[in-house]
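Enquirer:
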Amino acid sequence: MYQLCPSILSADFNRLGEQIKILENEGVKWLHIDVMDGDFVPSISFGMPVIKSIRKESKMFFDVHLMVTEPERYIQDFVDCGADSITVHAEACEDLERTIERIKDAGVKVGVSIKPATPVNDISHMLEDVDMVLVMTVQPGFGGQKYMDECTEKIQELKELIDKENLSVDIEVDGGINGDTLETVMKAGANIFVAGSWVFGGDIAENVRHIQKEIEEIGDRIE
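Residue numbering for the sequence shown follows this note's numbering, starting at 5 and increasing by one per position.
(1) Quickly, what does DSSP pair A199 with across the bridge? List them, please.
(2) Return the Cβ separation of A94 and T73 in integer angstroms, given the expectation that the two are a contact with Cβ distance under 8 angstroms.
(3) Using the C-alpha atoms, what's the distance from M40 back to C97?
(4) Name, in chain order, the residues that DSSP records as bridge partners for M140.
(5) Can you give me the start and stop residues for the alpha helix (DSSP H) that S128 sits inside?
(6) Rounding to the nearest angstrom, what Cα-Cα distance links I12 and N170 in this structure?
(7) Check whether the segment 155–164 touches the segment 199–208, taking contact to mean three or more Cβ pairs, one atom from each stretch, closer than 8 angstroms.
(8) Which whole-angstrom value is the C-beta distance of G115 and S89, which I expect to be below 8 angstroms?
(9) Output the distance between the C-alpha atoms of V68 and H36, rounded to the nearest integer angstrom.
(10) Residues in the same chain with beta-carbon distance under 6 angstroms from V83, minus the five sequence neighbours each way, listed in chain order, please.
As structure tokens, then:
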């Protein structure tokens, strides 16, 4: 199942609730929420109060991506705020297995993310324990970067491993996803697409309709 997952990092925070409502009205089911701590990545974004606030008004699936050092400290807090899925970075966890267990115990979906330089092999032994792998296709921490072509091979490698082990694991991609790169990542095996400026730059409703149509057309071609 293909999912467009708009990243609110690119939204207008003065109109955040209104823009999320537009997404919902256009049938978007997932919302990507990047939490950055200024330590694991240089940038600082938003945290629990923002998630709690938008949760009250939205029924969307909240895909919370923790770009923070030692994320296990905050798992329960983010679940309490309304996260439906928590993705942690393999590189940020002292004990990735324990962190994954904590997310499971908290009752939400489990995601693990890898930076462009981190090999798939680092997480291959954990695939049966997660619901999703997020492949960062740019350096995490900043929006508007260009897709890194070398990540295509990583997506393919991951897809082959998942298929070989007959697992039900989503592959999410985040970074430089637009009209030029969508087909590339879909053919490689990704099925969840995080997009920021592609969704929020200009007329959101029109952008979403265009993107959803493109996903559908490419999906029909490659299946």
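Beta carbons: idealized from backbone N, C-alpha and C, even for Gly.
Expert: Reading from the atomic positions:
(1) On the sequence shown, residue 199 is found 195 positions in, with the first residue counted as 1. A199 is bridged to P10.
(2) The count along the sequence shown starts at 1 and reaches residue 94 at position 90. The count along the sequence shown starts at 1 and reaches residue 73 at position 69. At roughly 13 angstroms, the Cβ-Cβ gap does not stay under 8 angstroms, so A94 and T73 are not in contact.
(3) As a position in the sequence shown, residue 97 is number 93, starting the count at 1. As a position in the sequence shown, residue 40 is number 36, starting the count at 1. For the pair C97 and M40, the Cα-to-Cα distance works out to about 15 angstroms.
(4) Residue mapping note: residue 140 aligns to position 136 of the sequence shown, counting from 1. In the DSSP secondary-structure assignment, M140 is bridged to D178.
(5) Locating residue 128 in the sequence shown gives position 124, counting from the first residue. From DSSP, S128 is part of no alpha helix (DSSP H); its letter is neither H nor E.
(6) Position 8 of the sequence shown, counted from the first residue, corresponds to residue 12. Position 166 of the sequence shown, counted from the first residue, corresponds to residue 170. Each residue's alpha carbon lies about 33 angstroms from the other.
(7) By the Cβ test, the segment 155–164 is not in contact with the segment 199–208, since fewer than three Cβ pairs between them sit closer than 8 angstroms.
(8) Your numbering for residue 115 matches position 111 in the sequence shown. Your numbering for residue 89 matches position 85 in the sequence shown. Yes, they are in contact, since the Cβ atoms of G115 and S89 sit about 6 angstroms apart, within 8 angstroms.
(9) Position 64 of the sequence shown, counted from the start, is the residue given in the question as residue 68. Position 32 of the sequence shown, counted from the start, is the residue given in the question as residue 36. Their Cα atoms are separated by approximately 6 angstroms.
(10) Mapped onto the sequence shown, residue 83 falls at position 79. For V83, where only same-chain residues beyond five positions count, the Cβ hits under 6 angstroms are A110 and V112.
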